[in-house]
Amino acid sequence: MNNGKPNWWSRPSSAPEAARIPTPSPADAGDGDFPLPAPQPSPGQEPADPTAPAAAPGAPAAEPFATEPTEPVAADSGQAAGPPAPEAAPAPAVELTKTGPAAEPAVELTETAPEPAAVPSAAPVPAEAQAPAPQAPQPLHTPDEYRTPPYGEPGPWAPAPPVQRPPAVVPPHPQPHPQPQVHAHPHPQPQGGAAPWVQYDPWSAPGTGAPPLPPKKSRKGLAIAAALAFALVTGVIGGGIGAYVERNGGITTVELPQADAGDTGRAPDSVAGIAASALPGVVTLHVRGNGSSGTGTGFVLDDKGHILTNNHVVDGAASSEDISVTFSSGETARAKLIGKDTGYDLAVVQVTGVSGLKALPLGNSDNVRVGDPVVAIGAPFDLSNTVTSGIISAKERPITAGGEKGDGSDISYVDALQTDAPINPGNSGGPLLDSKARVIGINSAIRAAGGGSGEGEGGSASQPGSIGLGFAIPINQGKRVAEELINTGKATHPVIGVSLDMQFQGDGARVGEKGKDGSASVTAGGPAAKAGLRPGDVITKVDGQRVHNGEELIVKIRAHRPGDELELTLSRDGKELTKTLTLGSSQGT
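If you're matching positions, the sequence shown starts at 3 in our numbering and goes up one per residue.
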C-alpha cells in the first residue's frame, strides 16, 4: 500500500487455506503484482453482499472510493505496485480502506466487486441508495481448529506480535509510471514528518489510539556526567591547593624537627675542648708602620700582660704606638714592644690596664712525638680565632727564614716542629697546642708551593696559602728566649767560636780557612779552640745527629742553651775524630 501503514495479519494461512488460493495466471504475473482473491465462505455460511463493504463491529462504515480504482496489495512486501488491475479480471480484489480520520487509523480488508465502466454523465444517486444497510461482520477465514484462545473468530482484532519488523523490500519489476489520478475523496495524510511505524494496540477502540510516549531520559548518563564534573572540579581545586602548598611551604606555619639542647660540653682532649680552653688566651695583633700594615697572632704568657709572637709580625712597627692587640672577647688594647730577636724570630709585647687575662700553659717540646695530634689557633688573612687541627709530621726540621736584608742579619735559624695543621699568612706567632691544650710550639713559617728557597711568612702579603707544610718554633727554645727578652730586652745565642765555609758542597759543615774580615776562622780561647778544632775540619754529627751543611749545624747549636756541652764528630785528613765542647754565648740582635 502507498500510505505507509502496516497490514496486520492474525496468523499465517494454514496449508489447506493456502491451497485454496488460486495461482495468478502468467499473463497477470507479467504485469507485476496481482490482486488476492477473497476468502471463500465456509459451508453453511451465506456469502456476503459484494456491493456492501465490510466493517468492524461498532466502527463507522468505510468510505469507498468514488472514482479511483482499488489499489492492489503486494503479496509479500505490503507496498503498492504498478497500475491498477485490468477491469476484466473475474476474481474480486481485496481493497484496503480506512475506517476514519482518527489519529490511529485501523486497516480493514473488504471485498469489492469489479467496478463498472465509467459513465459520462450520471444522475445523482439518492441518499438512501448511497448508504447500504449494515451487514454483519464476516470472518475472513474458515474456522481453524488450531487457533489459540480466546476462541473467537479470526480477524484484525487478534493480538499482534509484540515487535513488528518491516518486511523485506523486494524491488518491483520495472513498470511505466502511472499517470496521477485525482481522488474524489482524498485520504487524509498525516501531518508533519511522523515516522510511518507507530505503536499498535489491537484492543483499543478504532480512532482512539494514543500517540507513543517519548522515551524516558536515562538517569544513569546524568549521574555519570555529574560524577565527571565533580571529579573535574575537585581535581582543579586540589591541584591549586597542592601548588600553593608547594610554593609557600604549607598553609600553616612549618615547624621542623630539631634535637634538644642537651649537653654542650666537650671532652677536654677533643679539638672543641682544646679550642674552648685556649681561645681566651689567644690575641690578634694589628701593626702599622713604614707605610704598611700587617696582621699576626700571639698568646698571653702571664697575668702581667706579656704576649709572645714572631719578630717578623712586629718588625714593621716604628714605635709601640703602632701595635694594637684584640682579645677573643673583642676587647682591644695598645701594646708596647718589650724585646725582639731576629735569629730566633721571636718578640715579646705587653699590654697594660687589661684585667682577666688568661695565660696559656706551656708544654715540653722534647716530649713531642711524630703523629701526636695538635691544634693551631690564629688569624689567617685577618680571620681571628680560627682553629685548625692536624698532627706532628716531623721533628727537628732545620729551616731558615727571613733574609730580606741581604746581609744575613735578619735570617732566623729554627730547629722546627713540622705539622700538617693548616697555617696561613696571619697565623704567625700563634700557639701550636697538644691534646692537653698546652703550648708546644710557635707557628712561624710555611713551605710555599710555588718553589723558591724561603719558607718564612716574613710579613709578605704575596705568599700562597697552606699546602700542609707548616713549621713551628719548639716551645723549649721559645720559653728561654721569651724569658731573656722580658728580663733583659735581649736574647743570647749559643756559639762554638768558629767561622763556617757556607760555600762548601760536601757532606757536613766545614770550618773555614779565614774569617769574614780576614781573621782566624777559629776564635782564640773560644769553645772550639779549647776542644781542639782546626781550620778545614768537617763536622758531620752533633750529639750523634747527622748534619749535612753549615745551616743545619747552626740550627742544632741554637737549639741549646749557652753553657750546654755538645759532642761533635768531625773528619780530618780522612780520619773521624770526636770532640767535646761547652757552648759559649753571644748577644743577639
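Every residue, glycine too, gets a C-beta built ideally from N, C-alpha and C.
Inset, instruction - Look at the alpha carbon of residue 363 and the alpha carbon of residue 303, and state the distance between them as a whole number of angstroms. - result: Reading the sequence shown from its first residue, position 361 is the one you call residue 363. Reading the sequence shown from its first residue, position 301 is the one you call residue 303. In a straight line, the C-alpha of residue 363 is about 8 Å away from that of residue 303.
Inset, instruction - Ignore the nearest five residues each way along the sequence and tell me which others in residue 581's own chain have a CB closer than 7 Å to its CB. - result: As a first step, residue 581 must be located in the sequence shown, where it is residue number 579. Excluding residues within five positions, the ones whose Cβ falls inside 7 Å are 533, 534, 535, 570, 572.
Inset, instruction - Measure the Cβ-Cβ separation of residue 348 and residue 310 and say whether it is below 8 Å. - result: One-based indexing of the sequence shown puts residue 348 at position 346. One-based indexing of the sequence shown puts residue 310 at position 308. Contact: yes.
Inset, instruction - Kindly indicate which residue of 360, 390, 402 has the alpha-carbon position closest to the one of residue 423. - result: Walking along the sequence shown from the start, residue 423 turns up at place 421. The candidate whose alpha carbon is nearest that of residue 423 is 390.
Inset, instruction - Would you tell me roughly how many angstroms separate the C-alpha atoms of residue 542 and residue 510, rounded to the nearest one? - result: As a first step, residue 542 is located in the sequence shown; it is residue number 540 there, counting from the start. As a first step, residue 510 is located in the sequence shown; it is residue number 508 there, counting from the start. Those two C-alpha atoms are separated by around 5 Å.
Inset, instruction - Decide yes or no for the touch test of the stretch 381-389 against the stretch 357-371: beta carbon pairs closer than 8 Å, at least 3 of them. - result: no
Inset, instruction - For residue 499, count neighbouring Cβ atoms within 10 angstroms of its own Cβ and tell me buried if that reaches 16, exposed if not. - result: Here residue 499 is taken as the residue at index 497 of the sequence shown, counted from 1. With 16 or more other Cβ atoms within 10 Å, it is buried.
Inset, instruction - Run the CB neighbour count on residue 371, radius 10 Å, all protein chains shown included, and call it buried at 16 or more, exposed below. - result: Against the sequence shown, residue 371 aligns to sequence position 369. That one is exposed.
Legend entry - Contact check, residue 446 vs residue 484, beta carbons under 8 Å: Mapped onto the sequence shown, residue 446 falls at position 444. Mapped onto the sequence shown, residue 484 falls at position 482. No, Cβ-Cβ distance for residue 446 and residue 484 is not below 8 Å.
Legend entry - Every unbroken beta strand (DSSP E) inside the stretch 240-291 [3 residues or more]: 284-291
Legend entry - Coil, strand or helix - residue 506 by DSSP: Numbered from its first residue, the sequence shown carries residue 506 at position 504. DSSP places residue 506 in coil when its eight states are reduced to three.
Inset, instruction - Note down, in chain order, each residue of its chain lying with its Cβ closer than 6 Å to the Cβ of residue 279, except the 5 sequence neighbours on either side. - result: Counted from its first residue, the sequence shown places residue 279 at position 277. 439.
Legend entry - residue 567, DSSP secondary structure in three states: Walking along the sequence shown from the start, residue 567 turns up at place 565. Residue state, collapsed to three classes: strand.
Legend entry - Sub-8 Å separation of residue 417 and residue 496 beta-carbons: In the sequence shown, counting from the first residue as 1, residue 417 sits at position 415. In the sequence shown, counting from the first residue as 1, residue 496 sits at position 494. No, the pair does not count as a contact, with Cβ atoms beyond the cut-off.
Legend entry - Backbone CA spacing between residue 529 and residue 494 [nearest angstrom]: For the purposes of this step, residue 529 is taken as the residue at position 527 of the sequence shown. For the purposes of this step, residue 494 is taken as the residue at position 492 of the sequence shown. Cα to Cα, the separation comes out at about 16 Å.
Inset, instruction - Following the continuous beta strand (DSSP E) through residue 400, name the residue where it begins and the one where it ends. - result: Counting from one through the sequence shown, the residue named residue 400 turns up at place 398. First-last of the beta strand (DSSP E) with residue 400: 388-403.
Inset, instruction - Could you pull out every residue in the same chain whose Cβ sits closer than 7 Å to the Cβ of residue 523, ignoring the five residues on either side in sequence? - result: To locate residue 523, count along the sequence shown from 1; it is residue 521. Taken in chain order, the residues that qualify are 500, 501, 513, 514, 515, 516, 517, 537.
Inset, instruction - Determine the extent of the beta strand (DSSP E) in which residue 296 is found, giving its start and end residues. - result: Taking the sequence shown and counting its residues from 1, the one referred to as residue 296 is at position 294. It spans 294-302 - the beta strand (DSSP E) in which residue 296 sits, taken as one unbroken run.
Inset, instruction - In the DSSP assignment, find the unbroken alpha helix (DSSP H) run with residue 655 in it and report its ends. - result: The structure shown has nothing for residue 655, since the chain only spans 3 to 591.
Inset, instruction - Please name the residue or residues paired with residue 445 in a DSSP beta bridge. - result: On the sequence shown, position 443 is the one that residue 445 refers to. DSSP, once it has assigned bridges, lists 474 as partnering residue 445.
Inset, instruction - With a 10 Å radius around its C-beta and 16 neighbouring C-beta atoms as the bar for buried, classify residue 587 as buried or exposed. - result: One-based indexing of the sequence shown puts residue 587 at position 585. Classification of residue 587: exposed, given that the 10 Å Cβ count is below 16.
Inset, instruction - Answer with buried or exposed for residue 547, where buried requires no fewer than 16 other C-beta atoms within 10 angstroms of its C-beta. - result: Here residue 547 is taken as the residue at index 545 of the sequence shown, counted from 1. Residue 547 is exposed by the Cβ-count criterion.
Inset, instruction - Please state whether DSSP places residue 235 in a helix, a strand or coil. - result: The sequence position of residue 235 within the sequence shown is 233, counting from 1. Residue state, collapsed to three classes: helix.
Inset, instruction - Using three-state DSSP, classify residue 436 as helix, strand or coil. - result: Translated into the one-based positions of the sequence shown, residue 436 becomes position 434. Coil at residue 436, not helix or strand.
Inset, instruction - With a cut-off of 8 Å on the beta carbons, I'd call residue 320 and residue 366 a contact; round off their distance for me. - result: In the sequence shown, the residue the question calls residue 320 occupies position 318. In the sequence shown, the residue the question calls residue 366 occupies position 364. Not really, about 37 Å apart at Cβ, beyond 8 Å.
Inset, instruction - Name the residue from 354, 299, 387, 421 whose alpha carbon lies nearest to the alpha carbon of residue 375. - result: Sequence index remark: in the sequence shown, residue 375 carries index 373 (1-based). Measuring from the Cα of residue 375, the nearest candidate turns out to be 421.
Inset, instruction - Check whether the Cβ atoms of residue 437 and residue 314 sit closer than 8 Å, and answer yes or no. - result: Here residue 437 is taken as the residue at index 435 of the sequence shown, counted from 1. Here residue 314 is taken as the residue at index 312 of the sequence shown, counted from 1. No. Outside cutoff.
Legend entry - Three-way DSSP call (helix, strand, coil) for residue 323 in this model: Here residue 323 refers to the residue found at position 321 of the sequence shown. Looking at residue 323 - three-state DSSP - the assignment turns out to be helix.
Legend entry - Option in 508, 435, 244, 308 with minimal Cα separation from residue 272: The count along the sequence shown starts at 1 and reaches residue 272 at position 270. Comparing Cα-Cα distances from residue 272 to each of 508, 435, 244, 308, the minimum goes to 435.
Inset, instruction - Keeping to the same chain, check which residues put their C-beta closer than 7 Å to that of residue 565; ignore five residues upstream and five downstream. - result: As a working note, residue 565 is residue 563 in the sequence shown. Correct list, in chain order: 584, 585.
Inset, instruction - Could you tell me which residues DSSP pairs with residue 577 in its beta bridges? - result: Translated into positions along the sequence shown, residue 577 becomes position 575. In the DSSP output, where bridge partners are listed per residue, residue 577 has 574.
Inset, instruction - Verify whether the separation of the beta carbon atoms of residue 487 and residue 343 is less than 8 Å. - result: In the sequence shown, the residue the question calls residue 487 occupies position 485. In the sequence shown, the residue the question calls residue 343 occupies position 341. Yes; because the gap between Cβ atoms is below 8 Å, this pair is in contact.
Inset, instruction - Rank 443, 414, 282 by C-alpha distance to the C-alpha of residue 393 and give the top, closest one. - result: Counted from its first residue, the sequence shown places residue 393 at position 391. Checked all of 443, 414, 282; the closest Cα to residue 393 is 443.
Legend entry - Unbroken beta strand (DSSP E) run spanning residue 497, endpoints: Position 495 of the sequence shown, counting from 1, holds the residue named residue 497. Looking at the DSSP string, the run of the beta strand (DSSP E) that includes residue 497 is 494-497.
Inset, instruction - Would you kindly report the start and end of the unbroken alpha helix (DSSP H) that includes residue 532? - result: Translated into the one-based positions of the sequence shown, residue 532 becomes position 530. Taken as a continuous stretch (DSSP letters only), the alpha helix (DSSP H) holding residue 532 covers 529-533.
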